[in-house]
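Here's the structure, in structure tokens; my notes come after.
Listed below in structure tokens is the structure:
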């Protein structure tokens, strides 16, 4: 039973990472024509909210 739970958690984590990666790709694509400071700003906001989400989870 414990293996099934950890397997399920692993699968969910992989899906979450894939979604996160796709979101980052979209952010970079949308901001592709703009300057690096805007890219850095939006990526830093994204990472900030991701950390916040992880804190809420624990």
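Numbering (our numbering), first residue to last: 51 to 108.
Cβ atoms here follow ideal geometry from the backbone N, Cα and C, with glycine treated the same way.
No experiment lies behind these values; they were computed from the predicted model shown.
- A direct Cα-to-Cα measurement between residue 60 and residue 69 gives close to 14 Å.
- When the Cα atoms are used, residue 72 and residue 65 turn out to be separated by approximately 11 Å.
- One Cα belongs to residue 74, the other to residue 99, and the distance between them is close to 13 Å.
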